[in-house]
Amino acid sequence: MEVSDGSNNSIEMERERLLAEVAISEDSSSVVIKIRRRLPDFLQSVKLKYVKLGYGYSCNPATALLLLAGLPLFAATCVQLTRLVFRLDVPALFSDNYLRVAQTALLLDTATVLVGSLALIFLLAVYWAKKPRPVYLLDFACYKPEDERKLSVEGFLKMTERTGGFEEESDRARAKYELSQTVRTHRGADPGSYGCVYQREDDSGLVGVSLARGLMAVAGDALKTNITTLGPLVLPWSEQLTFLLTLVRRKVVGARVRPYIPDFRLAFEHFCVHAGGRAVLDAIQENLGLSERDMEPSRMTLHRFGNTSSSSLWYELAYVEAKGRVGKGDRVWQIAFGSGFKCNSAVWRAMRRIPEKECEGNPWFDCVDKYPVEVQQA
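With full-length UniProt numbering as the guide, the letters of the sequence shown map in order to residues 1 to 378.
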């Protein structure tokens, strides 16, 4: 692994957050000092366009169409009914002509009511056809198969389709989780982000991964963008209102106030954070104000399995299940990084409580009682 120092990827040294680790070599003849960079304080500056993007994602086009067309139609119907009532003269209510006057008024409004009803039925049909279909997580496995047991994605999808056992009606009954939200952030248009993690050959002809010095700054920017976009989709209205008021005071009024960091623990019960290293976990915990219990699945996964990249999210979810912490209705936030540079979030809602008998194939099943263990923070 090499570290590149290109002009596009360079950052100011005084703005970096460095971390030093001291280790003694095996023969005790030398001391090794490792310098690691930490994620920047990515929540101290929020871009308004990503807040708008989050609210844009939260607005379903079918729902917006139904509201924009349905509300005027409902108002027009109410006006017509009001005219119908006032069209009947009060003295006529007690006269012999009452039934004839009422019948005439109803006949005049029959066409309006009929057209309005047909339009409402049409809008409801459009809403039903355009609404997003639910996505369920039936199960997941933390397993590394042998080469002869591997299957391509296309082959797996075709084989699954031929079984005929995966339908919306049958999936919901046996699913563990339902997918609530996904937010994918890709910064590949920026040359600095695109080249900060890159596979290339070195001078010796060995293929390796090149990491730029500005990797942590790029990761912090991608993480900030992803979280800012996800916030309006998952946070309660009280947190959103407080955040927006603080943002308006900073951006519009120009007040010197500390940015408000929303409490994401009000939106999620469980957190599965990309276990890319202790420094990454420490920075996310500090910026989001998470507790040690919230970070326990990520830290224990890093302690036992090391940096398994994005697959660490499933080991973390398996840890939460093995601990028996997943209850019906619980929300799980998975967030991971990738080259490109990418930062993706997935929010799952538990359909039911996960019983212990379903954890027999869990990689934590036979040792979960030994965890958590004490780990040294970066």
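Cβ coordinates follow ideal geometry from the N, Cα and C atoms, glycine included.
Remember, predicted model here, so these are calculated numbers, not experimental data.
contact_flag[the stretch 232 to 241, the stretch 264 to 273] where n(CB pairs < 8 Å) is 3 or more = yes
Contact under 9 Å by Cβ, ALA279 with LEU313 | The residue given as residue 279 occupies position 279 in the sequence shown. The residue given as residue 313 occupies position 313 in the sequence shown. Contact flag unset, no.
GLU201 versus GLY208 - alpha carbon distance = Within the sequence shown, residue 201 is the residue found at index 201, counting from 1. Within the sequence shown, residue 208 is the residue found at index 208, counting from 1. Using only the alpha carbons, I get a separation of about 6 Å.
Under the three-state DSSP convention, the category SER339 falls into | The sequence position of residue 339 within the sequence shown is 339, counting from 1. Here SER339 sits in coil by DSSP.
May I ask you to report which of helix, strand or coil DSSP gives ARG149?
-> To locate residue 149, count along the sequence shown from 1; it is residue 149. Note: ARG149 maps to helix in three-state DSSP.
Could you spell out the range, first to last residue, of the beta strand (DSSP E) harbouring SER180?
-> Counting from one through the sequence shown, the residue named residue 180 turns up at place 180. Looking at the DSSP string, the run of the beta strand (DSSP E) that includes SER180 is 177 to 186.
Report the rounded CA-to-CA distance for LEU123 versus THR301, giving the unit in angstroms.
-> By one-based count along the sequence shown, residue 123 stands at place 123. By one-based count along the sequence shown, residue 301 stands at place 301. Near 49 Å, if we compare the C-alpha coordinates of THR301 and LEU123.
Kindly indicate the opening and closing residues of the beta strand (DSSP E) around LEU206.
-> Here residue 206 corresponds to residue number 206 of the sequence shown, with the count starting at 1. Neither: LEU206 is in no beta strand (DSSP E) and is coded neither H nor E.
Does the stretch 206 to 224 come within contact of the stretch 189 to 198, defined as at least 3 CB pairs closer than 8 Å?
-> yes
ILE227 classed as buried or exposed, judged by whether at least 16 other C-beta atoms fall within 10 angstroms = The count along the sequence shown starts at 1 and reaches residue 227 at position 227. Answer is buried; the Cβ neighbour count reaches 16.
In chain order, what residues of the same chain lie with their CB nearer than 8 Å to the CB of GLN240, ignoring the 5 residues before and after it?
-> Taking the sequence shown and counting its residues from 1, the one referred to as residue 240 is at position 240. Excluding positions up to five away in sequence, the list reads GLY231, PRO232 and PRO262.
CB contact flag (ARG325, HIS270, <9 Å) | As a working note, residue 325 is residue 325 in the sequence shown. As a working note, residue 270 is residue 270 in the sequence shown. Yes; because the gap between Cβ atoms is below 9 Å, this pair is in contact.
Helix, strand or coil for SER117 per DSSP?
-> Within the sequence shown, residue 117 is the residue found at index 117, counting from 1. The answer is helix: DSSP assigns SER117 an H, G or I state.
Along the beta strand (DSSP E) that carries ARG200, what are the first and last residues, could you check?
-> Within the sequence shown, the letter at position 200 stands for residue 200. Run containing ARG200: 197 to 201, per the beta strand (DSSP E) assignment.
Grab the span of the alpha helix (DSSP H) containing HIS270 for me, first residue to last.
-> Within the sequence shown, residue 270 is the residue found at index 270, counting from 1. Here HIS270 belongs to no alpha helix (DSSP H); instead the beta strand (DSSP E) covers 270 to 273.
For GLN240, which three-state DSSP category applies?
-> Here residue 240 is taken as the residue at index 240 of the sequence shown, counted from 1. DSSP places GLN240 in helix when its eight states are reduced to three.
Top-ranked residue by Cα proximity to VAL347, from PRO134, ALA129, VAL115 and GLU356 = Reading the sequence shown from its first residue, position 347 is the one you call residue 347. Minimum Cα distance to VAL347 is reached at PRO134.
Going by DSSP, which residues form a beta bridge with GLN334?
-> Residue mapping note: residue 334 aligns to position 334 of the sequence shown, counting from 1. GLN334 pairs with CYS272 and ALA346.
Exposed or buried, which one is ILE121 when buried takes at least 16 other CB atoms within 10 Å?
-> What you label residue 121 is simply residue 121 of the sequence shown in a count that begins at 1. That one is exposed.
Which whole runs of the beta strand (DSSP E) in the stretch 248 to 297 are 3 residues long or more, in chain order?
-> 270 to 273
Taking the Cβ atom as the reference point for each residue, do CYS343 and ALA219 lie within a distance shorter than 9 Å?
-> For the purposes of this step, residue 343 is taken as residue 343 along the sequence shown, with counting starting at 1. For the purposes of this step, residue 219 is taken as residue 219 along the sequence shown, with counting starting at 1. Yes. Within cutoff.
Rounded to whole angstroms, what's the CA-CA distance from LYS370 to TRP128? Just pull it up for me.
-> Counted from its first residue, the sequence shown places residue 370 at position 370. Counted from its first residue, the sequence shown places residue 128 at position 128. Each residue's alpha carbon lies about 49 Å from the other.
Best match in SER152, PRO297 and SER345 for proximity to THR225 [C-alpha to C-alpha] | Reading the sequence shown from its first residue, position 225 is the one you call residue 225. Among SER152, PRO297 and SER345, the Cα nearest to that of THR225 is on SER345.
Check the C-beta distance from TYR198 over to MET351 and give it rounded, since I have them as a contact under 8 Å.
-> Counting from 1 along the sequence shown, the entry for residue 198 is found at position 198. Counting from 1 along the sequence shown, the entry for residue 351 is found at position 351. Actually they are not in contact, since the Cβ atoms of TYR198 and MET351 sit about 40 Å apart, beyond 8 Å.
Around the C-beta of GLN376, are 16 or more other C-beta atoms found within 10 angstroms, so that it is buried, or is it exposed?
-> The residue you call residue 376 lines up with position 376 of the sequence shown. GLN376 comes out exposed.
Please determine, among PHE365, SER309 and ALA125, the residue with the shortest C-alpha to C-alpha distance to SER339.
-> Position 339 of the sequence shown, counting from 1, holds the residue named residue 339. Taking only the C-alpha atoms, the option nearest SER339 is SER309.
For ARG172, which of SER180, TYR136, LEU206 and ARG187 has the nearest alpha-carbon?
-> The count along the sequence shown starts at 1 and reaches residue 172 at position 172. Of the candidates SER180, TYR136, LEU206 and ARG187, the one whose C-alpha sits nearest the C-alpha of ARG172 is TYR136.
For my contact list, ARG349 and GLY327 are in at a C-beta cut-off of 8 Å; report their separation, rounded to the angstrom.
-> Working through the sequence shown from its first residue, we reach residue 349 at position 349. Working through the sequence shown from its first residue, we reach residue 327 at position 327. With a Cβ gap of about 11 Å, ARG349 and GLY327 do not count as contacting.
Spatial neighbours of PRO363 in its chain, beta-carbon cut-off 8 Å, leaving aside the 5 residues before and after = The residue given as residue 363 occupies position 363 in the sequence shown. If we look at PRO363 and ignore the five residues flanking it on each side, its Cβ neighbours are CYS142, TYR315 and ALA318.
Residue burial classification, GLU296 (beta-carbon count within 10 angstroms, cutoff 16) = The residue given as residue 296 occupies position 296 in the sequence shown. Buried: at least 16 other Cβ atoms inside 10 Å.
Span of the alpha helix (DSSP H) around TYR194 = Along the sequence shown, read from residue 1 onward, the residue named residue 194 stands at position 194. Counting along the chain, the alpha helix (DSSP H) containing TYR194 begins and ends at 191 to 194.
GLU161 versus LEU151 - alpha carbon distance = The residue you call residue 161 lines up with position 161 of the sequence shown. The residue you call residue 151 lines up with position 151 of the sequence shown. Each residue's alpha carbon lies about 15 Å from the other.
Assuming VAL273 and ALA322 make a contact with CB atoms under 8 Å, what is their CB distance in whole Å?
-> Start at 1 with the first residue of the sequence shown, and residue 273 comes out as number 273. Start at 1 with the first residue of the sequence shown, and residue 322 comes out as number 322. Rounded, the Cβ-Cβ distance is 18 Å, inconsistent with contact.
Rounded to whole angstroms, what's the CA-CA distance from THR242 to ARG250? Just pull it up for me.
-> Locating residue 242 in the sequence shown gives position 242, where the first residue counts as 1. Locating residue 250 in the sequence shown gives position 250, where the first residue counts as 1. Taking the straight line from one Cα to the other gives about 13 Å.
Helix, strand or coil: how does DSSP classify GLN326 here?
-> Locating residue 326 in the sequence shown gives position 326, where the first residue counts as 1. Sequence check: residue 326 is Val here, not Gln. In this structure, VAL326 counts as coil in the three-state DSSP scheme.
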